[in-house]
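K.L.:
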Amino acid sequence: MVLEDNWLHSSVWKQGIFAGKVVFVTGGAGTICKDQTEAMIRLGADAAIVGRNQQKTDVAAEELRKVRNGAKVVSCPNVDVRDVHSIAEAVRKTVGELGRIDFVIAGAAGNFLADFNHLSSNAFKSVVDIDLLGSFNTVKACFDQLRSNRGAVLFVSATLHYYGVPFQIHVGAAKAGVDALSNALAVELGPLGIRVNALAPGPIANTEGIRRLAGKNKTLGSSIPIGRLGTTTDIANSTVYLFSSAAAYVTGTVQVVDGGNWHMGYRKGEYPVKILEMNQEKVTKL
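As numbered in this note's numbering, the sequence shown has no gaps in its residue numbers, which increase by one up to the final residue, 831.
Here you go:
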């Protein structure tokens, strides 16, 4: 577990606020989504962990069962979020074992660094399909349960489309779509009692994303207005808030949790040198 052992007792949240509820999480074996799920479980929820990799998904589910006595956590591996029927099967398994779905976290995502010259059409499509189509498919497959239980949805987004970010064209385009999807669903599903929001993490310490994308930049935290990298606990607390009754009147919003980082814009020291270096070839990758 990544959340501190005393998180439940030191947090502002009341114990058991999600008792009797079930959260369905795609990308649940990833660092951020796993900690989002852990927070929900510690506060009383049961959960379904949905992922593509059998071992990672099973291990994550087993670890999460230990965070609260009596916690029920269903492992749903071998699920491809690009296939709505694959997710629907995970939904059937979840309802069969846990009885219901109240909350959905659409967190499955793909990312890598690639400049436009070397970003193939297939690579672009792959990220859009996982992030955007996968988010749509997740809510679509869970819709009957959300409608029956007047539930809530939380999309995991980003801030990469708020300004121009080189090497992240694919993710920026996908997450812009996720935000648009979230906003439209909030309006359309609101009359059904379903709240829909998105959460946009900034640079989060000790995650695969920060290791892969920030590289050896050791000073990134000091360049953020609040003076540090974010933590998965920051994301977990925001998740709890958006699913709790404290946010009963909150829908159609994107909750940015980045310490003010996006306001600083793109400020990499290697710009534009890296871009010029990556465009020495005269033929682009299709």
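For glycine and all other residues, C-beta sits at the position ideal for the given N, C-alpha and C.
1. Quick test of your reading: I646 and G696, contact by CB under 8 Å. State the CB separation rounded to the nearest angstrom.
2. Just the Cα atoms here: how many angstroms apart are V799 and N782?
3. Just checking, does the stretch 576–585 make contact with the stretch 706–723 on the three C-beta pairs under 8 Å criterion?
4. Taking just the CA atoms, how far does P746 sit from L730?
5. Does G717 come out as helix, strand or coil in the three-state DSSP assignment?
6. With which residues is R740 paired in a DSSP beta bridge?
7. Any contact of the stretch 710–729 with the stretch 584–599, i.e. 3+ C-beta pairs under 8 Å?
8. Extract the residue ranges of the alpha helix (DSSP H) inside the stretch 729–812, only unbroken runs of 4 or more that lie entirely within it.
9. Taking the alpha carbon of V567 as the reference point, which residue from Q825, S727, V698, T752 has its own alpha carbon closest?
10. For V795 versus L588, is the C-beta spacing smaller than 8 Å?
11. If you reduce the DSSP assignment to three classes, tell me which class F712 lands in.
12. What are the start and end residues of the alpha helix (DSSP H) that includes S631?
13. How many Å lie between P736 and I632 at the Cα?
14. Helix, strand or coil: how does DSSP classify I650 here?
15. Is it the case that the Cβ atoms of N742 and L787 are separated by a distance below 8 Å?
P.N.:
Looking at the coordinates:
1. In the sequence shown, residue 646 corresponds to position 101, counting from 1. In the sequence shown, residue 696 corresponds to position 151, counting from 1. About 7 Å; that satisfies the 8 Å criterion.
2. The residue you call residue 799 lines up with position 254 of the sequence shown. The residue you call residue 782 lines up with position 237 of the sequence shown. Their backbone Cα atoms lie some 15 Å apart in a straight line.
3. no
4. Counted from its first residue, the sequence shown places residue 730 at position 185. Counted from its first residue, the sequence shown places residue 746 at position 201. Their Cα atoms are separated by approximately 21 Å.
5. In the sequence shown, residue 717 corresponds to position 172, counting from 1. Helix.
6. The sequence position of residue 740 within the sequence shown is 195, counting from 1. A697, per the DSSP bridge assignment.
7. no
8. 753–759, 777–788
9. For the purposes of this step, residue 567 is identified with residue 22 of the sequence shown, where counting begins at 1. It is V698.
10. Counting from one through the sequence shown, the residue named residue 795 turns up at place 250. Counting from one through the sequence shown, the residue named residue 588 turns up at place 43. Result no, Cβ atoms of V795 and L588 do not sit closer than 8 Å.
11. Within the sequence shown, residue 712 is the residue found at index 167, counting from 1. It is coil, neither helix nor strand.
12. Working through the sequence shown from its first residue, we reach residue 631 at position 86. Run containing S631: 629–643, per the alpha helix (DSSP H) assignment.
13. As a working note, residue 736 is residue 191 in the sequence shown. As a working note, residue 632 is residue 87 in the sequence shown. Approximately 25 Å, taken between the alpha carbons.
14. Numbered from its first residue, the sequence shown carries residue 650 at position 105. DSSP places I650 in strand when its eight states are reduced to three.
15. Within the sequence shown, residue 742 is the residue found at index 197, counting from 1. Within the sequence shown, residue 787 is the residue found at index 242, counting from 1. A contact, by the Cβ cut-off of 8 Å.
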